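Participant: Counting with numbering that gives the first Met the number 0, you get residues 0 to 125 for the letters of the sequence shown.
Yeah, the Cβ is synthetic: ideal placement off N, Cα and C, and Gly gets one too.
As the structure is a computational prediction, the values presented were derived from the model and not from experiment.
After the C-alpha cells below, expect a handful of questions from me.
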Amino acid sequence: MLSVDENEMLTKVDAGTPVGELMRRYWHPVATSQEIKENPVKAVRLLGESLTLFQDRQGRLGLIDQRCAHRRVDLKYGIPENEGLRCPYHGWLYDRTCNVRKTLSTPFIPLMLTDFLGFMLLNDAA
Ligand code: FES
C-alpha cells in the first residue's frame with residue numbers, strides 16, 4: 000500500500016512535480032481537427048493547466064495560457080487573426096508561441112508569458 004506522500008508524488012501532474020514533468024514530455028490529444036474547424040478557439044484543461052487552443056487565420060495552431068496577461072480576460076473569447084489570437088477586451092495580440100505581438104497602444108512588445116506550449120506538448124525540452 001502506498002503512503003500518502005507516495006500517492007501524491009505519483010498522482011500530481013502540475014508543473015514542477017515529478018510526474019507532471021514526465022507527462023510534459025509526451026503528446027496529448029486536446030481536440031480533433033473537426034472541432035477546431037467548427038470553432039477555432041477552445042478552452043483546454045491539461046495536466047492541471049488551463050489553456051486556450053486556437054487556430055489563426057493562416058491555419059496555424061497555438062496553445063497559450065487561458066488568461067490574458069493584461070487583465071486576465073478569458074482568451075476562449077479571443078478573436079483569431081492572421082498573426083495569432085486577439086484578446087477581445089483591450090486587443091493584445093498573442094502569437095502561437097505565447098508572445099504578445101501587438102498591443103493597441105504600441106506597435107510591438109516582445110513579452111514571454113509562459114514556456115512554449117506546442118499543440119499537445121507542454122514541454123519545450125523534448
Ligand atoms: S485584458 Fe486582454 S488586452 Fe486587456
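Mind checking whether the beta-carbon of G90 lies closer than 7 Å to any heavy atom of ligand 1?
Facilitator: Yes, Cβ of G90 sits closer than 7 Å to a heavy atom of ligand 1.
Participant: Is the beta carbon of H27 within less than 7 Å of some heavy atom of ligand 1?
Facilitator: For ligand 1, not one heavy atom lies less than 7 Å from the Cβ of H27.
Participant: May I ask you to verify whether the stretch 33-41 touches the stretch 0-15, counting CB pairs closer than 8 Å and requiring at least 3?
Facilitator: Touching, no, given that fewer than three Cβ pairs across the two stretches are closer than 8 Å.
Participant: Is it the case that the CB of V3 approaches a heavy atom of ligand 1 more closely than 7 Å?
Facilitator: Outside the cutoff, so no.
Participant: Shortest alpha-carbon distance to Y25 belongs to which of S32, V12, I35?
Facilitator: Out of S32, V12, I35, V12 has the C-alpha closest to the C-alpha of Y25.
Participant: State the Cα-Cα distance for the pair L21 and L46, rounded to the nearest angstrom.
Facilitator: Looking at the two C-alpha atoms, the distance is approximately 11 Å.
Participant: Taking the alpha carbon of K101 as the reference point, which residue from D73, S49, H69 has its own alpha carbon closest?
Facilitator: Selected option, being the one with the closest Cα: H69.
Participant: Taking only beta-carbon positions, decide if C86 is within less than 8 Å of chain C.
Facilitator: Of the chains in the structure shown, none is chain C; there is only one protein chain.
Participant: Does DSSP put Q33 in a helix, a strand or coil?
Facilitator: Looking at Q33 - three-state DSSP - the assignment turns out to be helix.
Participant: When the Cα of E82 is compared with those of F53, I35, H27, which residue comes out closest?
Facilitator: When each option's Cα is compared against that of E82, the closest is F53.
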